[in-house]
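Colleague: One structure coming up, written as structure tokens, with questions to follow.
There are 2 protein chains.
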Amino acid sequence: MQALLESLRTIVGDDGVLTDAHDLVTYEKGWRYGAGRAAAAVRPATPQAVADVLAACHKAGVRVQPMGANTGLVGASNPDASGAMVVLSLERLSRTIDVQPVDGVALVDAGVTLSALNEALAPHGLMFPIDLGADPQLGGMIATNTGGSRLVRYGDVRANLLGLEVALADGTLVSRLTRLRKDNTGLDLKQLFVGTSGLFGVITRAVVRVTPRPRQRVATLACARDGEAVLQLLATLQAHVGELLTAYEVVSKEALGAVLRHGSYERNPFQGEPPAYAVLIELSTALAPEVLHLDAALEHTLGLHLEGPHSGGIDDVLVGRADDFWHLRHQVSESLREEGAVIGLDLSVPRSRLAEFTEVIRARLAAEFPGVRVADFGHWGDGGTHLNLVHDRALGGADPAGFKARLQTLVYDLCVGSFDGSYSAEHCVGPHNLAAYQRHTSDTVKAVCSALRDTLDPQRRLGTFDLG
Amino acid sequence: MQALLESLRTIVGDDGVLTDAHDLVTYEKGWRYGAGRAAAAVRPATPQAVADVLAACHKAGVRVQPMGANTGLVGASNPDASGAMVVLSLERLSRTIDVQPVDGVALVDAGVTLSALNEALAPHGLMFPIDLGADPQLGGMIATNTGGSRLVRYGDVRANLLGLEVALADGTLVSRLTRLRKDNTGLDLKQLFVGTSGLFGVITRAVVRVTPRPRQRVATLACARDGEAVLQLLATLQAHVGELLTAYEVVSKEALGAVLRHGSYERNPFQGEPPAYAVLIELSTALAPEVLHLDAALEHTLGLHLEGPHSGGIDDVLVGRADDFWHLRHQVSESLREEGAVIGLDLSVPRSRLAEFTEVIRARLAAEFPGVRVADFGHWGDGGTHLNLVHDRALGGADPAGFKARLQTLVYDLCVGSFDGSYSAEHCVGPHNLAAYQRHTSDTVKAVCSALRDTLDPQRRLGTFDLG
Numbered sequence: 001m002q003a004l005l006e007s008l009r010t011i012v013g014d015d016g017v018l019t020d021a022h023d024l025v026t027y028e029k030g031w032r033y034g035a036g037r038a039a040a041a042v043r044p045a046t047p048q049a050v051a052d053v054l055a056a057c058h059k060a061g062v063r064v065q066p067m068g069a070n071t072g073l074v075g076a077s078n079p080d081a082s083g084a085m086v087v088l089s090l091e092r093l094s095r096t097i098d099v100q101p102v103d104g105v106a107l108v109d110a111g112v113t114l115s116a117l118n119e120a121l122a123p124h125g126l127m128f129p130i131d132l133g134a135d136p137q138l139g140g141m142i143a144t145n146t147g148g149s150r151l152v153r154y155g156d157v158r159a160n161l162l163g164l165e166v167a168l169a170d171g172t173l174v175s176r177l178t179r180l181r182k183d184n185t186g187l188d189l190k191q192l193f194v195g196t197s198g199l200f201g202v203i204t205r206a207v208v209r210v211t212p213r214p215r216q217r218v219a220t221l222a223c224a225r226d227g228e229a230v231l232q233l234l235a236t237l238q239a240h241v242g243e244l245l246t247a248y249e250v251v252s253k254e255a256l257g258a259v260l261r262h263g264s265y266e267r268n269p270f271q272g273e274p275p276a277y278a279v280l281i282e283l284s285t286a287l288a289p290e291v292l293h294l295d296a297a298l299e300h301t302l303g304l305h306l307e308g309p310h311s312g313g314i315d316d317v318l319v320g321r322a323d324d325f326w327h328l329r330h331q332v333s334e335s336l337r338e339e340g341a342v343i344g345l346d347l348s349v350p351r352s353r354l355a356e357f358t359e360v361i362r363a364r365l366a367a368e369f370p371g372v373r374v375a376d377f378g379h380w381g382d383g384g385t386h387l388n389l390v391h392d393r394a395l396g397g398a399d400p401a402g403f404k405a406r407l408q409t410l411v412y413d414l415c416v417g418s419f420d421g422s423y424s425a426e427h428c429v430g431p432h433n434l435a436a437y438q439r440h441t442s443d444t445v446k447a448v449c450s451a452l453r454d455t456l457d458p459q460r461r462l463g464t465f466d467l468g
Numbered sequence: 001m002q003a004l005l006e007s008l009r010t011i012v013g014d015d016g017v018l019t020d021a022h023d024l025v026t027y028e029k030g031w032r033y034g035a036g037r038a039a040a041a042v043r044p045a046t047p048q049a050v051a052d053v054l055a056a057c058h059k060a061g062v063r064v065q066p067m068g069a070n071t072g073l074v075g076a077s078n079p080d081a082s083g084a085m086v087v088l089s090l091e092r093l094s095r096t097i098d099v100q101p102v103d104g105v106a107l108v109d110a111g112v113t114l115s116a117l118n119e120a121l122a123p124h125g126l127m128f129p130i131d132l133g134a135d136p137q138l139g140g141m142i143a144t145n146t147g148g149s150r151l152v153r154y155g156d157v158r159a160n161l162l163g164l165e166v167a168l169a170d171g172t173l174v175s176r177l178t179r180l181r182k183d184n185t186g187l188d189l190k191q192l193f194v195g196t197s198g199l200f201g202v203i204t205r206a207v208v209r210v211t212p213r214p215r216q217r218v219a220t221l222a223c224a225r226d227g228e229a230v231l232q233l234l235a236t237l238q239a240h241v242g243e244l245l246t247a248y249e250v251v252s253k254e255a256l257g258a259v260l261r262h263g264s265y266e267r268n269p270f271q272g273e274p275p276a277y278a279v280l281i282e283l284s285t286a287l288a289p290e291v292l293h294l295d296a297a298l299e300h301t302l303g304l305h306l307e308g309p310h311s312g313g314i315d316d317v318l319v320g321r322a323d324d325f326w327h328l329r330h331q332v333s334e335s336l337r338e339e340g341a342v343i344g345l346d347l348s349v350p351r352s353r354l355a356e357f358t359e360v361i362r363a364r365l366a367a368e369f370p371g372v373r374v375a376d377f378g379h380w381g382d383g384g385t386h387l388n389l390v391h392d393r394a395l396g397g398a399d400p401a402g403f404k405a406r407l408q409t410l411v412y413d414l415c416v417g418s419f420d421g422s423y424s425a426e427h428c429v430g431p432h433n434l435a436a437y438q439r440h441t442s443d444t445v446k447a448v449c450s451a452l453r454d455t456l457d458p459q460r461r462l463g464t465f466d467l468g
């Protein structure tokens, strides 16, 4: 290890290698889950230095944990407990943001943060359309294929990725930084590195597609009587404003109630009781107001819905309250924690079944786990729901971990087995949900992942878990 | 082989197995390139029957060529010359078109044609947004990741694919027919089967994302002085009508001239000489005319451009002539063949370099291959250009194939090497462009493809070529 550290210092400079326990703390713990011990943290600043670091570790037989901004939620970016891994932090690989407006793309170093990219794009009237609460690095966003609030219009990271450069476990740098929107020449290698948590290689640079910033954006809040009404309103919007719908976010009464009880807010947008579901509708467009009056378009469409057969499901439309919605929405998680232990699940089901799924879960929990409440919010436009299970801490008894695991298994099995859903809609896979991965992944996928690891990282030097 | 044919008849019925030379003709020849000999053609009607056919062939040690509608342009759907392969036609696997409007998806058998799918979607106000001249089957579209004229708005097949079922070479049926828009649970297996020409497995069913049919569609024709002017107009449109731009198609003067000389048309939309580039602009929207007057939006935006700094590049705007454009556009290939031998190349470069690329190619050919003309048309919104090289048949001399290969190599090397382009923008890979694949594909991609074949088809029973 000492010889390796010497080599690493030669590659990245003395201040690029951290070994003091004090300095290592932030590299050892995941954002929400996961904690371990690192032998060192190494911070290369160029793609070639990343490759050289990997080559040195490979030669020394030392395992490596890549780390971006460490905002992931499945424990896939921290080292294991062995104390023998090197954390490869991409934080200094953040020099390059090359915006190419005519091509509508940007070439970025993997360590560039989402906010830094958007700052660089703004003067060109452009943006990277993945909208998240956290501020991850681009490499991490690709490795976890992040989704977010505007997926309904712009898709996930995969849909906005054109080119990729990856350093393999042995230090080979594989570069295909293409700006092409159309390139159909066999296997699209980059797809293997999207959403596979850095296990097949360390992302060093990427070419992403960027989007014109909208000239207009409007949002409003609708109060829905039940989940079916949420879906009916979505159908009207898709049919009548289609390409302009950029967000369709929903918060349940249970989640809103917790914020109203514990959160900080200036105005309660609801009169008395919150609705079963509060729905945020956001439209945006490149068109100027003199061509399209976006407010009027939204008003017209809501009018159509309220005159139509499903009008009964919408109790109220609160114009001008979108900011209040976001303000409340961002306080859900912390407010729920005031009310007990919270198990946060990141699920998706076909959107036609979201209402039914949520009801079935509520009924099953009431029968089998009385005292556990469901406080959900989510991206109903794409079938995503963050299902928070809230319960009194005492309910777990002497074995809270076992209690949590039984709850999780019940929900995951229902979601995947009975509703064709996913146990990880947008958080990706990692040690935190590895048991679900093992249980719900086909043998073919596992065999292919093993073959890919055998080819790209035969000594299994990258990461702390496996997909095979 | 006789024993195998008996087994196959048991699986698909007597009329599902063809062995007469007369019947086999249509299964032996590719649409434009490729010809071989088949031992038999087998036409299963269900996914399980496809799997059973593959299992029987696997057991018998017989190689298989999957075939969709056989509209591909790279020779990847016909058998080789051995006469020992079985052609597995998907033409009867076309019973299921299950439209699910709330989820915005359709579950389809792989043998369903694009036109049949769109017919089934129309009553729901939906469409599959991949717009092609040919009428392929869905399985073939996925295996070749087709692009088409509206990629600029809707993306390629990959971007519209949610779930996939594949029968592997040994008859294993791998089914993941998900309707989920968000499912982030490790390797996305389906990506391996997109654009890899059926070499990793035979696609049997798919879930595709479908799109509301626009309420309004308008198109107009602009006459551009040069390639730079085409790009400048595109920039204005993307900034001001953004999400409404659904096609941006360009035909060069050379291609237009051939149609005007040899084609059949009622009206020549141009006064005298055709322009350097005729540009078709199409906008469409889900919005109703009372909310957005689409004609006015287009007029407004063109007005902005013609008052702006790049107005000089646009000589004319021919309102109401879009149908004339398509009429001429569809006659380019046959008209060019009236003027000599035609080598049709399917290229892309970053769109910022399309104008420069086309000029450099013209100059290089004039210097090194005098007598070879460039008659190009393409999808400039996404950097795609169909570069037709037209020449007197006598120019090839005693070795026309060698002449063609030298021409192709010159253009491909310039495109890929000097312009970061692709030698196959939307036609995919097959025997027809395998030499270019070998020359321009990285060792890592080849190694990964070999590993995938070793895992999914170790005896190399599928197809007539390899990606490793």
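Chains as they are written, first to last, in this note's numbering: chain A, 1 to 468; chain B, 1 to 468.
Glycine residues also receive a C-beta, built at the ideal position from the N, C-alpha and C atoms.
Every value quoted in this text rests on a predicted model; they were computed, and no experiment measured them.
Using three-state DSSP, classify B:F465 as helix, strand or coil.
Modeller: coil
Colleague: From B:L168, B:L199, B:G163, B:T204, pick the residue whose C-alpha is nearest to that of B:V210; which is it?
Modeller: B:G163
Colleague: Just to confirm, is the Cβ distance from A:G313 to A:Q232 under 8 angstroms?
Modeller: yes
Colleague: What are the start and end residues of the alpha helix (DSSP H) that includes B:F357?
Modeller: 354 to 368
Colleague: For my contact list, B:F357 and B:V251 are in at a C-beta cut-off of 8 angstroms; report their separation, rounded to the angstrom.
Modeller: Incorrect: roughly 17 angstroms between the Cβ atoms, too far for contact.
Colleague: Pairing CB atoms from the segment 93 to 109 of chain B with CB atoms from the segment 35 to 50 of chain B, are three or more of them under 8 angstroms?
Modeller: Yes: the two stretches touch, three or more of their Cβ pairs being nearer than 8 angstroms.
Colleague: Going along chain A in order, which residues have a C-beta closer than 8 angstroms to the C-beta of B:P212?
Modeller: Q238, A239, G242
Colleague: Who are the neighbours of A:C223 on chain B, taking C-beta pairs under 9 angstroms?
Modeller: Neighbours of A:C223 on chain B: none; closest Cβ ~21 angstroms, over 9 angstroms.
Colleague: Against chain A, does B:S348 count as a neighbour if the rule is that its beta carbon must be under 8 angstroms from one of theirs?
Modeller: yes
Colleague: Roughly how many angstroms lie between the CA atoms of A:L491 and A:S77, to the nearest whole one?
Modeller: Nothing in the structure corresponds to residue 491 of chain A, since chain A is present only between 1 and 468.
Colleague: Helix, strand or coil for B:M1? Go by DSSP, reduced to three states.
Modeller: B:M1 falls in the coil class under three-state DSSP.
Colleague: Who are A:M141's beta bridge partners in DSSP?
Modeller: Under DSSP, A:M141 takes part in no beta bridge, so it has no partner.
Colleague: Using only alpha-carbon positions, find the residue among A:L121, A:L5, A:H240 that is nearest to A:G16.
Modeller: A:L5
Colleague: Output the residue ranges of the alpha helix (DSSP H) runs that lie fully inside the segment 256 to 285 of chain A and measure 4 residues or longer, sorted by chain position.
Modeller: none
Colleague: Report the option in A:H22, A:V174, A:L192 whose CA atom is closest to the CA atom of B:S442.
Modeller: A:V174
Colleague: Let's test the definition: count the other Cβ atoms within 10 Å of the Cβ of B:V218 and tell me whether it reaches 16, buried, or not, exposed.
Modeller: buried
Colleague: Tell me which residues of the segment 91 to 106 of chain B have at least one Cβ-Cβ distance to chain C shorter than 9 angstroms, keeping chain order.
Modeller: Given the protein chain composition of this structure (A and B), no chain C is represented.
Colleague: What residues in its chain sit with their C-beta under 8 angstroms from that of B:T246, if we drop five residues either side in the sequence?
Modeller: Taken in chain order, the residues that qualify are R150, V152, R153, Y154, P214, R217, E282, L283, S284.
Colleague: State whether the segment 368 to 383 of chain B contacts the segment 428 to 436 of chain B, with contact taken as three or more CB pairs (one from each stretch) at a distance under 8 angstroms.
Modeller: no
Colleague: For A:M67, I'd like the list of residues in its chain whose CB is within less than 6 angstroms of its CB, leaving aside the five on either flank, ordered along the chain.
Modeller: S77, V87, S89
Colleague: Using a threshold of 8 angstroms, state whether the C-beta atoms of A:P350 and B:D103 are closer than that.
Modeller: yes
Colleague: Strictly by DSSP, which residues pair up with B:H379?
Modeller: B:E249, B:G384
Colleague: Report the neighbours of A:Y437 on chain B: residues whose CB is nearer than 8 angstroms to its CB, in chain order.
Modeller: T185, G186
Colleague: Could you check the C-alpha separation between A:L306 and A:L298 for me, to the nearest Å?
Modeller: 12 angstroms
Colleague: Using the Cβ count rule (16 or more neighbours within 10 Å means buried), how would you classify B:T10?
Modeller: exposed
Colleague: Give a yes or no on whether the minimum CB-CB distance between B:C415 and chain A is below 8 angstroms.
Modeller: No, no contact with chain A.
Colleague: Across which residues does DSSP place B:I97 in a beta bridge pair?
Modeller: Per DSSP, the beta bridge partners of B:I97 are B:V108.
Colleague: Under a CB-based cut-off of 8 angstroms, is B:N268 close to chain A?
Modeller: For B:N268, the nearest beta carbon of chain A is not closer than 8 angstroms to its own beta carbon.
Colleague: Does the beta-carbon of B:T472 have 16 or more other beta-carbons within 10 angstroms, so that it is buried, or is it exposed?
Modeller: As shown, chain B starts at 1 and ends at 468. That puts residue 472 of chain B outside it, with no answer to give.
Colleague: In terms of alpha-carbon separation, which member of B:G201, B:L365, B:Q2, B:Q438 lies closest to B:K404?
Modeller: B:L365
Colleague: Starting from the Cα of B:T220, find the closest Cα among B:L117, B:A451, B:P269, B:A394 and give me that residue.
Modeller: Taking only the C-alpha atoms, the option nearest B:T220 is B:P269.
Colleague: Could you give the distance in angstroms between the alpha-carbon of A:C57 and the alpha-carbon of A:V202?
Modeller: 13 angstroms
Colleague: So for B:A81, helix, strand or coil by DSSP?
Modeller: The DSSP-derived three-state label of B:A81 is coil.
Colleague: Roughly how many angstroms separate the alpha carbons of A:M127 and A:V208, rounded to a whole number?
Modeller: 11 angstroms
Colleague: Flag A:E28 as yes if its beta-carbon sits less than 8 angstroms from any beta-carbon of chain B, otherwise no.
Modeller: no
Colleague: Take B:L168 as the anchor and find which of B:D324, B:D52, B:M85, B:T146 has the nearest alpha-carbon.
Modeller: Checking every option, the nearest Cα to that of B:L168 belongs to B:D52.
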